[in-house]
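Chains as they are written, first to last, in our numbering: chain L, 1 to 1193; chain Z, 1194 to 1476. The beta carbon of each residue, even a glycine, is placed where N, CA and C say it ideally should be. Notes follow once the structure below has been shown.
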Amino acid sequence: MTTLADVLTVRGQFARSANFERDAESTESLDGYVVTARALDVVDRVSEAALGPAGGAWSITGPYGSGKSSLGLLLDAAFGPPGISRERALAKISEASPTAEEAVLQALSRHQARSHGFYRALVTADREPVARTVLRGLHRAVVRRHGKVPGSAEFSASSLLKLAQRRVNRAEDAVDPSVSELVDIARCMASQAPLLIVIDEFGKNLEAARDGESSDTYLLQRLAEAGQGTGLPISVVTLQHLSFEEYLADVDDRRRRDWAKVQGRFVDIAFTESAAQTRALIAQAFEAGDDIRPRIDAWAKSHAQALASAGIADLSDPVTIGSCWPLHPVSTLVLPELCNRFGQHERTLFSFLAGNESGTVATLAAGIEINAEGELPSIGPESVYDYFMGIDGAGASVVGRSARWTEIASRLRDANGLTDAEQRLAKSVALLNLVSASGAVRASASVLELVDPGSSEVLSGLEKRGLVTYRAFADEYRIWHGTDVNVAELTAAAHDRIADQPLHQVLGAVHALEPVVAARHSAQNETVRLFRRRFAHGDETVDPPAALDTVDGEVLLVTSTDGAIPTLSESALHSGTHAGNARGLEWSLRAKPIVVAVPDDVGELDRAAREVAALSDVLAAPQVEVDWVARREIGERLASARSQLEAAVTLAFSTASCRWKLLDGGAGVPLSPGRGSAPLSEASDLAYPRAPRVPNEMLSRSDLTSQGAKARRILLEAMIERSTEYRLGFTGYGPEVAMYEAGLKHAGLHRPSKAGGDPVFGKPRIRSNSKASEALRQTEQIRITPAWEAIEDAFEAAKNSRLNVRDLYVTLASPPYGVKAGIIPVIVTAALLARADRMAIYEHGTFQLGLSPELSERMVRNPEHFEIKHFANISGRRREALDVLADRFGIDAGLGGRRVGNVLAVTLYLAGRMRGLEQWTRRTSHLSADALAVRDALNEATEPDVLLFEFLPVALGYAPIAPGRQSAGTRQDSQRRDFEAFADGLARCIDELTSRCRSMIGELCDELLASAGERTRIAVSGPAAGLVDEVLDRDMRAFVLALSNDLYDDDHDWMASVATVVAKKAPTEWSDDDLASVQAELPRRLAAFNRLRALHAEHRAIGGTPFDALRLAVTHPSGSEAVRLVDVAQDEGELVSDAVAAMLESLAPKIGSPQRALHVVLADLGKRLLEQGDLIDIGPTQDSALRKAAGSG
Amino acid sequence: MADQTRHICGISGGKDSSALALYLRDRVPEMEYFFCDTGAELPETYEFLTRLEVILGKPIARLNSERGFDHWFEVFRGALPSPQMRWCTKVMKIKPIEAWIGDEPAISYVAIRADEANRKGYISTKPNIESRFPFVEDGIDHDGVMKILDDAGIGLPDYYEWRTRSGCYFCFYQRKAEWVGLAERHPELYERAIAIEQKVLLDAGVDGDADFSERAMTGRQYTWSGGETLVQLRTRRQEILDKHEAAMQRTRRARDSVPVLAVLSEALGDDGDDFDACTVCAL
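So, in structure tokens, the structure goes:
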């Protein structure tokens, strides 16, 4: 009997893991090793670096079993001394790439290393400091080259190396070598030959470093750099499973940063192979005898065709298929993914191919017979399954078992009594289920047909047994745990429930529609036009999107097929005005456009939508929610149904299979189908023919970004505050400048008032009969003119009644203008500024003193709170009256020096003068009758013209000035005299109002000086200053301090402060009552002040005998207080003291106690004092209650 | 070249900063005084500021007077400030102050008393501003402050009769008893605070009000005073006053002859709210 084993050699060396220490000395270590593209890349880099003086550092990261250690061995051999190992290594490299071999040889020659090779410090790390690992490697490299550590004569670092080696190996208190020792040793080596350090399992060093066992972070880097000075390169290669950071995930930041820096010096190489490379590895493992080759080729060819027709492009090359024989193509197909996902990559792969335990290809080969004729036997997926998953599948130490893995494995294990064919297929299905993510490699009927040409019958048997299920939506057989939920029944019921629901409702619930952009129109006009979309029924009545909505229109995807289209609501129709359009059609609406799309056929759409709706419904069913298998199945079906629905929507409403119309209240305006959003662009052309073009992306949009909003705020502020400056005073290139350029400058809204004049806001001046190129340059100006004219029209219409600013916004945002919400405030502000002398602004109904930045901020946010009214230039009698007033007040009416009969300018002037009026003046009655009447008129009028022509003349005793023609002749003269008298009277009143508070304080000052008997402030404040340190009474002291204060420039300020101290309130805040009480209080305070002066003057005149001054205060039961200051000379005091002592002594026995006697005498004296009447009555202290309150705080 | 350094002194409307202004009147002649106006201060505060201006003989710069609370209430469309979202401090205090100060070197005089070691006050983080604490340096304590105010004859702001600090009339840091005080002293402001709580701008002119009830903070149960609306609070007036009086009594009993203001502040501190003063408001 001939078996597979007889015609096939399986190369086995690579099947086990390589080990540096063991395999480096073996001449056979590289047998069976295949130089993959990745490995070749590393060899190339090392030899290229070795050609230079500096060497290099590489960190190679790859999973277990990806052949890293074998690569290390390859490098070791290739750069080693001449001999069999080097020859084999070079041969392998050459086999993969002759130029790579050439590079290795060059590197060896360059450094005269052909005869001895490099120093190769090949070492496997333990959980130990890097220094210890490196020392071991260096020691070994020296010994390998010289047989032992040579003496100092031959190797200058000899004693250093020996000593370090001894210290490390000491049983107790071993000492690791220092970085500098290792560098010295390495330098010494590099003076003789290039040094190649390869550390396998470097991750263990990193783990040690993580646990704090090592601090020599920079050792490897220092070593790699050490070669630079000596002339011969030192290269360092580390091999590890994970990247540095992953090993060091939980160390402190500082050390992680250190290691990150070190890794930064290393060139990282990821070491994984693609599926195709893995298959190349498989091919290398097999060597078939020459006799059988023709049969293999034929076998491969037929399978290649079958695979190609099954749509598996990945593996349809007969050469690859053939070179992987005896593996069945399906086995070859699944192995790479299987090894990567569930095994240790190549190591697992080679274990399966060449291992000598049961179930591997090598052992199976011995039991498979080859007939002389007919189909070649092969090792099918069932064997792969057995090896990886079967009960006795010994070899695979599986990692990463997934839930799916466990489920499939247990399902097959529990299935008894399967025939061989059934087993074979079931296991194939299982394997394919495990590796398939998507695409052609799945357990489809056609792939399974490859495994077993008679598969369909067997599969239906398996289906009947419930082991395998066909999932039609995925076209895949699955070994999947079933579920108790009857999905089919639930789905059918769900379909029944929605059967009566109209399609547009079903769709609306399950299919969200994103808004779409009218692309062509948007690009041409530099204005994005966005249409929201929804499904609709043909019999609906619809309203267009609101004017200030962020969308520019709506698309209705009609799902009824009777040909009916939705109709516009009555209100939408009646909001319309008529305007022509380019097509000559009657465009009847001022509302945003609604486009309808009516598909020819909705059959597929209906089916797909209902399927999605039904499945969504089923997914939410309670029994499904608790059954993950059912949930998963339905979830997958739903995902699939959704993508079908997506396709159905696209198809049904594609421009080719669908009619498009613009709703107009009639049968609709047909839109020509075109690609993509063409109908929407056409609708936008029709709806927005008068839209401005403002090529600024930040401004020309419905919703500004926060940065855009900030820039626009800055722009608006500059417009208001610096309207006559060149470029509004902007310098630089900020976003607000770009907005200015696009929205105002190029649009011609901010331009010189006349040639060479200051810029002003106004309507763009378009030069007619200009050349085509000039017209092009004026595009923006031409395009903005309709919107500007719309604003002007609205302003004109606001002469009789106020215009709400929001209504103006609505007009501009609606067709035919369609101005973007971001731009509207800019052009409205420009228009308001252009007519600042005529447009009155009201906020919440109250007249405002013109446009200010803060008012503009509020207007942008809440346009509905603002109204505007147009005060046109007036004529006739009112004009004459105005001229007189303007003359009288010196008002430069109108901007730019133009004389206009302007109500607003005069009103604003008066309002401005009244603005700073003191509280006292606003309330006082100490005004002339005329001034009082004018004050009332100014307070009561809400409209500028009513104020000027009605309230104010009446207040001053004149008739209201009615509109009408100017009188002629003598009547005119007398009328003019009336106007002049009126103007004079008004001016007098305004002057009185604005100066009254000041004059009131002046009057107080006069009263004060009179009371003090002095003529100048200095005469009072000087003596007061002399008393400051003598006065103890709190209120009196403050009064005296205020009198003495010489900080003030004039009498007014001085008096104001004295009056404030007396009233405890500033004069500007007084009421008339406050004034009256100050007028009463001042003389009293001054009398006391005068007495104090006299007292102290006398005292000083006497010549300074020491005396006590006492302040006597007596409180009457009424609460009023009386105060007297008494000076007591020393001799007087002694005299009285003796007499009183004697008196008290005599009274005490009669009254009770000396204490009591004292009190009674005091009371009697107090009564006498009060009766005497020359005390200063200061009343209850105004802030006495407060004083107590303010004790702390 | 003349010294470019500015000397600035912030006035809060309270007694300490007013005393500091008066104290420095003769000492730093080039002083610039400023007051950060929210447009929603108590009338007593505005009145007191004018009083102070007259005595100082110098104007107090009113910062931010163009964009007060009503402005921002409109701009933020009814979003109310709260301890969690204190836009009021940011847009009405810090920003205007820093804009006014600018980038020139400046010395800011801060009214922290010698007996208040731990109070913070607003100390700018701007590098061009140097802070000085004259009261601390010269050892002026509470009594010293009262003496300064007495000598100036200026008295105290009238709100000290019912409230412990200056600030917005609707300040969300004020005590329940202070709300009751507002309702009694300034019923019209209390009504306005109610309206704002209901996100409506009252007193808006002939054509009606700005109503933001449908906009910002829709559905958010925000009230000025914790746990109840101002309308509800008003119905509990007597209860709050009783509680307040009891607290005052407790404090009085605990110590003899305690000044009323001390009793007031301690009693209010015992009101059951968290006390977390707005340091910038108390500038």
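Which same chain residues end up closer than 6 Å to Leu885 of chain L when comparing Cβ atoms and leaving out the 5 residues on each side of it in sequence?
The sequence position of residue 885 of chain L within the first sequence is 885, counting from 1. Around Leu885 of chain L: Val906 and Ala983.
State whether the segment 551 to 561 of chain L contacts the segment 525 to 539 of chain L, with contact taken as three or more CB pairs (one from each stretch) at a distance under 8 Å.
yes
Return helix, strand or coil for Ser1211 of chain Z, following the three-state DSSP convention.
Within the second sequence, residue 1211 of chain Z is the residue found at index 18, counting from 1. DSSP places Ser1211 of chain Z in helix when its eight states are reduced to three.
Is Ala1212 of chain Z close to chain L, meaning its C-beta is less than 8 Å from at least one C-beta of that chain?
To locate residue 1212 of chain Z, count along the second sequence from 1; it is residue 19. No, its Cβ sits nowhere closer than 8 Å to a Cβ of chain L.
Cβ contact (3+ pairs, closer than 8 Å) linking the segment 987 to 999 of chain L and the segment 1008 to 1024 of chain L
no
C-beta neighbour in chain Z for Glu717 of chain L, strict 8 Å:
By one-based count along the first sequence, residue 717 of chain L stands at place 717. It does not; no Cβ of chain Z falls within 8 Å.
Is the CB-CB distance between Ala608 of chain L and Leu645 of chain L below 8 Å?
Counted from its first residue, the first sequence places residue 608 of chain L at position 608. Counted from its first residue, the first sequence places residue 645 of chain L at position 645. Yes. Within cutoff.
Three or more C-beta pairs below 8 Å linking the segment 139 to 148 of chain L and the segment 108 to 126 of chain L:
yes
Nearest to Thr650 of chain L by alpha carbon, out of L:Ser616, L:Leu605, L:Arg631 and L:Gly665?
Counting from one through the first sequence, the residue named residue 650 of chain L turns up at place 650. With distances taken between Cα atoms, Thr650 of chain L lies closest to L:Leu605.
Which bits of chain Z does Leu1075 of chain L rub up against, with CB to CB less than 8 Å?
Looking up residue 1075 of chain L in the first sequence gives position 1075. Those within 8 Å of Leu1075 of chain L in chain Z number zero; the least Cβ separation is about 15 Å.
Under 7 Å Cβ-Cβ, which residues of chain Z neighbour Tyr1048 of chain L?
The sequence position of residue 1048 of chain L within the first sequence is 1048, counting from 1. The contacting residues are Gly1250.
Return the residue from the list L:Thr942, L:Gly957 and L:Ser59 that minimises the CA-CA distance to Val262 of chain L.
The count along the first sequence starts at 1 and reaches residue 262 of chain L at position 262. For the residues L:Thr942, L:Gly957 and L:Ser59, the minimum Cα distance to Val262 of chain L belongs to L:Ser59.
Could you have a look at Phe244 of chain L and say whether DSSP puts it in helix, strand or coil?
Mapped onto the first sequence, residue 244 of chain L falls at position 244. If DSSP states are grouped into helix, strand and coil, Phe244 of chain L belongs with the helices.
Using the three-state DSSP reduction, which class does Arg693 of chain L fall into: helix, strand or coil?
Counting from one through the first sequence, the residue named residue 693 of chain L turns up at place 693. Coil, per DSSP.
Name the DSSP beta bridge partners of Pro752 of chain L, please?
The count along the first sequence starts at 1 and reaches residue 752 of chain L at position 752. L:Pro759.
Whose Cβ in chain L lies nearer than 8 Å to the Cβ of Asp1344 of chain Z?
Translated into positions along the second sequence, residue 1344 of chain Z becomes position 151. Result: Arg1037, Ala1038 and Leu1041.
8 Å Cβ cutoff, Lys1064 of chain L in contact with chain Z:
Locating residue 1064 of chain L in the first sequence gives position 1064, counting from the first residue. Taking Cβ atoms only, chain Z reaches closer than 8 Å to Lys1064 of chain L, which makes this a yes.
If you measure between the beta carbons of Cys1202 of chain Z and Leu1217 of chain Z, is that distance less than 8 Å?
Translated into positions along the second sequence, residue 1202 of chain Z becomes position 9. Translated into positions along the second sequence, residue 1217 of chain Z becomes position 24. Taking 8 Å as the Cβ cut-off, Cys1202 of chain Z and Leu1217 of chain Z qualify as a contacting pair.
Taking all protein chains shown into account, do 16 or more other C-beta atoms lie within 10 angstroms of the C-beta of Pro863 of chain L, making it buried, or fewer, making it exposed?
Working through the first sequence from its first residue, we reach residue 863 of chain L at position 863. Buried is the call here.
Assuming Ala747 of chain L and Gln707 of chain L form a contact by the criterion Cβ under 8 Å, report the distance between their Cβ atoms to the nearest whole angstrom.
Counted from its first residue, the first sequence places residue 747 of chain L at position 747. Counted from its first residue, the first sequence places residue 707 of chain L at position 707. Their Cβ separation, rounded to whole angstroms, is 22 Å, which puts Ala747 of chain L and Gln707 of chain L out of contact at 8 Å.
Between Arg858 of chain L and chain Z, is any beta-carbon pair separated by less than 8 Å?
On the first sequence, position 858 is the one that residue 858 of chain L refers to. Chain Z, which has a Cβ nearer than 8 Å to the Cβ of Arg858 of chain L, makes this yes.
So which residues of chain Z does Arg1034 of chain L contact, with C-beta pairs closer than 7 Å?
Counting from 1 along the first sequence, the entry for residue 1034 of chain L is found at position 1034. Here the neighbours are Asp1343.
Could you check which residue in L:Pro1067, L:Ala1042, L:Glu1069 and L:Asp1051 has the C-alpha nearest to that of Arg1085 of chain L?
Locating residue 1085 of chain L in the first sequence gives position 1085, where the first residue counts as 1. Among L:Pro1067, L:Ala1042, L:Glu1069 and L:Asp1051, the Cα nearest to that of Arg1085 of chain L belongs to L:Ala1042.
List, in order along the chain, the chain Z residues whose C-beta lies closer than 9 Å to that of Ser852 of chain L?
Residue 852 of chain L sits at position 852 when you count from the first residue of the first sequence. Chain Z residues near Ser852 of chain L: Glu1259.
Using the rule of at least 16 other Cβ atoms within 10 Å of the residue's Cβ for burial, across every protein chain shown, is His1159 of chain L buried or exposed?
Here residue 1159 of chain L is taken as the residue at index 1159 of the first sequence, counted from 1. Answer is exposed; the Cβ neighbour count stays below 16.
Whole-number beta carbon distance between Val334 of chain L and Leu432 of chain L, since they are thought to touch under 8 Å:
Residue mapping note: residue 432 of chain L aligns to position 432 of the first sequence, counting from 1. Residue mapping note: residue 334 of chain L aligns to position 334 of the first sequence, counting from 1. Yes, Leu432 of chain L and Val334 of chain L are in contact; Cβ-Cβ is about 7 Å, under 8 Å.
Three-state secondary structure (DSSP) at Glu633 of chain L?
Residue mapping note: residue 633 of chain L aligns to position 633 of the first sequence, counting from 1. Reduced to three states, the DSSP call for Glu633 of chain L is helix.
Assuming Leu749 of chain L contacts Pro764 of chain L (C-beta within less than 8 Å), just tell me the rounded distance between them.
Counted from its first residue, the first sequence places residue 749 of chain L at position 749. Counted from its first residue, the first sequence places residue 764 of chain L at position 764. Right, the Cβ-Cβ distance comes to about 6 Å (below 8 Å), so this counts as a contact.
Kindly indicate which three-state DSSP category Ser1418 of chain Z falls into: helix, strand or coil?
Along the second sequence, read from residue 1 onward, the residue named residue 1418 of chain Z stands at position 225. In the structure shown, Ser1418 of chain Z sits in a strand (DSSP, three-state: E or B).
With the cut-off set at 8 Å, would you say Ile766 of chain L and Arg610 of chain L are in Cβ contact?
Position 766 of the first sequence, counted from the start, is the residue given in the question as residue 766 of chain L. Position 610 of the first sequence, counted from the start, is the residue given in the question as residue 610 of chain L. Not closer than 8 Å, so no.
Complete beta strand (DSSP E) runs within the segment 255 to 335 of chain L (minimum length 3 residues, chain order):
267 to 270 and 286 to 288
Leaving out five residues before and five after His1335 of chain Z in sequence, what residues of the same chain have Cβ atoms less than 7 Å from its Cβ?
Here residue 1335 of chain Z corresponds to residue number 142 of the second sequence, with the count starting at 1. The answer, listed in chain order, is Arg1306 and Asp1308.
Continuous beta strand (DSSP E) assignments of at least 3 residues falling wholly in the segment 645 to 726 of chain L:
658 to 662 and 669 to 671
Using the beta-carbon of each residue, which ones in chain Z are nearer than 7 Å to Arg1168 of chain L?
In the first sequence, counting from the first residue as 1, residue 1168 of chain L sits at position 1168. Going along chain Z, no residue has its Cβ under 7 Å from Arg1168 of chain L, so there is no contact; the nearest lies around 31 Å.
Across which residues does DSSP place Ser59 of chain L in a beta bridge pair?
For the purposes of this step, residue 59 of chain L is identified with residue 59 of the first sequence, where counting begins at 1. According to DSSP, which records beta bridges pairwise, Ser59 of chain L is partnered with L:Thr238 and L:Asp268.
Among L:Phe847, L:Val1140, L:Arg424 and L:Val1114, which has the Cα closest to the Cα of Arg1168 of chain L?
Locating residue 1168 of chain L in the first sequence gives position 1168, where the first residue counts as 1. Nearest option by C-alpha distance: L:Val1114.
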